[in-house]
Structure formats: structure tokens, C-alpha cells
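Protein chains: 2
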Amino acid sequence: MNRANRSRTNLSRKRIVRKAVALAAKGGFDSVSMRSLADKLSTAPMSLYRHVANKEDLLDGMVDVVFSEMYPPAIGGDWKSELRKRGTSARAALQRHPWAIGLMETRMHPGPASAVHHNATMGCLREAGFDFRDAVHAYNLLDSYTYGFALGENTIPFETPEESAEMAKTTVADRGADYPYLAEVVVELGKRGYDYNEEFKFGLELILDGLEQFLHS
Amino acid sequence: MNRANRSRTNLSRKRIVRKAVALAAKGGFDSVSMRSLADKLSTAPMSLYRHVANKEDLLDGMVDVVFSEMYPPAIGGDWKSELRKRGTSARAALQRHPWAIGLMETRMHPGPASAVHHNATMGCLREAGFDFRDAVHAYNLLDSYTYGFALGENTIPFETPEESAEMAKTTVADRGADYPYLAEVVVELGKRGYDYNEEFKFGLELILDGLEQFLHS
DNA sequence: CGTTGATTGCGTACGGCGTACGCATCTGGT
DNA sequence: ACCAGATGCGTACGCCGTACGCAATCAACG
């Protein structure tokens, strides 16, 4: 009766995945449960399973959304600047979707956007002159750095000044004298904070320069 | 009656944390629940809470075990070789304890081993000649790479040949022609597999060389 | 020795989770 | 008008973390 006139094809994989990403953005990754997601879509939990095999499959979809937001480097262009753009946009995407970091490289069934992206990046490296093995090396290096940086950036224990201060106390106060270098970090970083953009750029540039030298050697 | 003669102080934070790490090693991270852990310790779930504030606190303890297994670089030694040793042992530790990767940088209450380790690493960089800001840059670069690499290494979708083959099919078979570079990766890697040691070494060496150049510029 | 107060272990219970299973309802093709 | 397949959903099971409070034990003291 009530739901009788609800048009039947309101639900779809796409709509579900979209809402899941939105929900994760608003309430954090843990707030994405099949139950809460169903609520948000004004439907029942088990209804979702007609469009999504299981939660793992849902995560596959969510991850692919993130991949679709990363710039796919042009194959055959200026590899260094293309990969710089890729790195920057990848970090930005992971910053927008922190929940994705631990999932990106874990998927058993990569979606279409993932395929496009990986193909473009690998192609960019190969056409830049790296042979297969070195391209894999370079790819791994770039991605490890990017994901690792995002991991640190988005899960840093002190986000607010007061949390930082609290941590400074519990970490350092008692035993600060024993760990002078660590104390310096906590104090200094609490004072001026981080510029993550500059931080990321430093590493990315160093790696790209290193790869260029490697390529011409 | 039955348990009356059970010596009372069998349980302790240390024993609990140890068992938790062992359990994670054997059955995977998800198998570490307060219930299963209590089982392994022949006690009741709620008994654990006398020695551990909550599950988060338990994770803090587990993470500190992993930190304690990483080589703390000597402050004032040959920074490059010290950091190479540190990097190698850090990766090894994360390989032994894959469940830790996503947790290491997230802890709000770092344990003693964590403090020692971070202090040593930061000290090694400062005494190598990096000023504070650059030392932070270098530290972030090294750790991002290490954690990112471990993340990829330990969660790679294809571990067994058959899984690799299955993934090759679903990823590439239909649409392989559209993604030639990706197809190459799947096929080649399925054929000869990975040498993670060499893979990690490539990036670590490139980064250390880059840092050295940066230091002398 | 007896008493007492603190420490430690645990039984019960609550509200969440993912999802197997099967029925109810709607829709499009004949 | 009918039926077959697609779609939505109600119920139920076995997990999870943990709040709460009682029971058993041990340490200290009179």
C-alpha cells in the first residue's frame, strides 16, 4: 500500500554506490552500514542486495568512484608533468575520500575507472622510455609514496590544536627529556602546524627528479 | 569452585597484547575479537577489560609491539646506511604484521617503543645535517614510501597463481585490447611474479640518493 | 586469627553489524 | 489475461564491542 506506488526501479547500483560515497563523506566510513545506507535510500537493508552482491562489492564500486576522480596521465606526453598532475590529483582525491586509502589497492575486482587509470599511468611510463621492469618499479614507487602520504596525512592523530596539545602532554611531558628530537617535533608542529601541500610536493618532486636521472643513466 | 584455584593474576596487559598479536598473525586481523581473544586466554570476554581500557587501547599495545621490532637508527652514525637498515627492518616488520599497516600512524596514544623509534629516526636526520623542516620532509618521504609500499605489498589482490589468473581474466580478457599497457602488467606479473625485496630496494635507494643530493646542495 | 577494602574475574544483556532465505509485489511480453 | 522474471522486503541467525554489577580472591591491618 504505502510503498506500492513507489516506482520499482528507484534503486540501482549506481544510486546505491553514490549514496554510499556521500554517506562516507558526511559521517565517516564506519557510518556506512548496509542498514544505514538503506535508511538513507528510504528502503530496507535487504533490498540493496538485489543490486550489489555483498558489502565487498559495494566497496569495489566506491573505490572506482575515487579512481574516476584521479587525473589519468596522457600517454606519450611530457611524462614528468603528466605524472606530477596525476600525483597531485590522486592525493587530492584521497584527501576528499580518506576512507578509500586502505581500500584502493585491496580490491579483487577493479572497476572500469581503475582499469583506465592504471592503463594510462603504465602507458605514460612505458612511452617515456622505461622498459617494463623499470616502469613497474617507478609505478610502485610513485604509488607507494602517494598512498603512504595520504595514509599519514588523513589519519594524523592531532588534527585540532587541543588534541595536539593533549598528545604533546601525554607523549612528551613526563619523559620529554629522554626524547629530545621527538619533543621538538611535537612542540614545533603543534606551534606552526603542517603545510601538507608543500610536504607532498617535496617528496613528489624528489622522486620525479630521481626517476629522470635514472632514465638518463 | 572450578576456577577458584585458577591463580588470580594470570591475566595482564602484556599477556593479553602478546596473545592478540599472535592471534592476528595466525588467523588474520579480523579474527581478533575480544571474545576470541578471551577464548585463547581461557577466560571470559569481560575479564580483559580489567587490563585494557577498550579495544582501541588493545590496538595501541599491539602497534607498539610492531614498533619495537623496527631497527631504531643510531643518532650520529652514517645516516644513509642507518636509514637503509631502518627502512628494511620496518618493511620486514610490516610484512610480519600486515594488520598493523593501517594502524601505525593512527594511534592517539603512542607507546614507549613508538616514542623511542621516532626519536631515533628524527635524531638521525637532524644530526645528518638536515634542518628541522627538511628533516620532517625527509621523514615523511621515507615513511610514506615505506608504509605505502607495505600497504600495496600485503594487500595485493593476486597472491596465488590461480587468483592471479582469475583476475587476469575478469580484468583484461574481455576488454584487454582497450587497455594494452594494463594487460601487459597482468600477464607479465602473472608469469614471473614479483620480487618485493628488489622492488622495495629500488625505491628506498632512489629516495636515499635523492636526499643525499638535496643535503649537499 | 578475623575483618575489611581493593583488586580481579566473569555472567548477563543491549544494541549494532552482514546477510541467508523465502515470500510478496510489480512489470513487460505474449 | 496471463505468466515469468525482476525487484523489494520481513524475519532471523550468529557475530561484534562493551555497560553494569555481583562474586571471588588477596593484602593489610588490628
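Residue numbers (my numbering), protein chains in the order written: chain A, 35 to 251; chain B, 35 to 251. Note that beta-carbon positions come from the ideal geometry of N, C-alpha and C, so glycine has one too. Just so it is clear, the structure is predicted and the values come from calculations on it, not from any experiment.
Is it buried or exposed, residue i, if we count other Cβ atoms within 10 angstroms and call 16 or more buried?
i      : result
B:R130 : exposed
B:D98  : buried
B:R49  : exposed
A:P151 : First, the residue type needs correcting, since residue 151 of chain A is His and not Pro in the sequence shown. The residue is buried, with at least 16 neighbouring Cβ atoms inside 10 Å.
B:P146 : exposed
B:D212 : exposed
A:S186 : One point to set straight first is that residue 186 of chain A is Gly, not Ser, in the sequence displayed. By the 10 Å Cβ count, A:G186 comes out buried.
A:V66  : buried
B:P144 : buried
B:N174 : buried
A:L88  : At residue 88 of chain A the sequence reads Asn, which differs from the Leu that was named. So A:N88 counts as exposed.
A:V220 : buried
B:G61  : exposed
B:S148 : buried
Does any residue of chain A have a CB that is nearer than 9 angstroms to the CB of residue i?
i      : result
B:A64  : Sequence check: residue 64 of chain B is Asp here, not Ala. By this cut-off, B:D64 is not an interface position.
B:H131 : no
B:D177 : yes
B:R47  : no
B:V219 : yes
B:A154 : yes
B:P214 : yes
B:A87  : no
B:N44  : no
B:N174 : yes
B:V335 : As shown, chain B starts at 35 and ends at 251. That puts residue 335 of chain B outside it, with no answer to give.
In three-state terms, what does DSSP make of residue i?
i      : result
A:N88  : coil
A:H171 : helix
A:E139 : coil
B:H250 : coil
B:F183 : helix
A:V66  : coil
B:L45  : coil
B:T155 : helix
A:T122 : helix
A:P214 : helix
A:D94  : helix
B:D73  : helix
B:P79  : helix
A:G224 : helix
Would you grab the beta carbon distance between residue i and residue j for me? Rounded to a whole angstrom, and I think it's under 8 angstroms.
i      : j      : result
A:R118 : A:L242 : 6 angstroms
A:E218 : B:F166 : 7 angstroms
B:R125 : B:F234 : 6 angstroms
B:I135 : B:Y105 : Their Cβ separation, rounded to whole angstroms, is 18 angstroms, which puts B:I135 and B:Y105 out of contact at 8 angstroms.
B:R47  : B:V100 : With a Cβ gap of about 16 angstroms, B:R47 and B:V100 do not count as contacting.
A:L176 : A:A169 : Not really, about 11 angstroms apart at Cβ, beyond 8 angstroms.
B:L245 : B:A172 : 5 angstroms
A:W113 : A:A58  : About 33 angstroms; that fails the 8 angstroms criterion.
B:N153 : A:Y215 : 5 angstroms
A:L137 : A:L93  : 6 angstroms
B:A127 : B:E103 : 4 angstroms
Please report the distance separating the alpha-carbon of residue i from that of residue j.
i      : j      : result
A:R37  : B:R69  : Any reading at A:R37 must be qualified, since the residue scores a pLDDT of 38, below 50, and its modelled position is unreliable; no value is offered.
B:E116 : B:L223 : 32 angstroms
A:N44  : A:F236 : 47 angstroms
B:A54  : B:L240 : 37 angstroms
B:G110 : B:M156 : 11 angstroms
A:A56  : B:M142 : 27 angstroms
B:D64  : B:A162 : 41 angstroms
B:N231 : A:F183 : 21 angstroms
A:R52  : A:M96  : 8 angstroms
A:S251 : A:F164 : 11 angstroms
A:A72  : A:Y83  : 10 angstroms
A:Y179 : B:S178 : 5 angstroms
A:E90  : B:A108 : 44 angstroms
A:K225 : A:N188 : 19 angstroms
A:M80  : A:K74  : 14 angstroms
Can you find a C-beta in chain B that's less than 9 angstroms from the C-beta of residue i?
i      : result
A:E116 : no
A:E222 : yes
A:M180 : The sequence shown places Thr at residue 180 of chain A, not Met. Chain B, which has a Cβ nearer than 9 angstroms to the Cβ of A:T180, makes this yes.
A:Y105 : no
A:A108 : no
A:D243 : yes
A:H250 : no
A:E233 : yes
A:V55  : no
A:A149 : yes
A:L185 : yes
Within 8 angstroms: the Cβ of residue i and any heavy atom of the ligand FMN?
i      : result
A:K119 : Looking for the ligand FMN in the displayed structure turns up nothing, as the structure carries no ligands at all.
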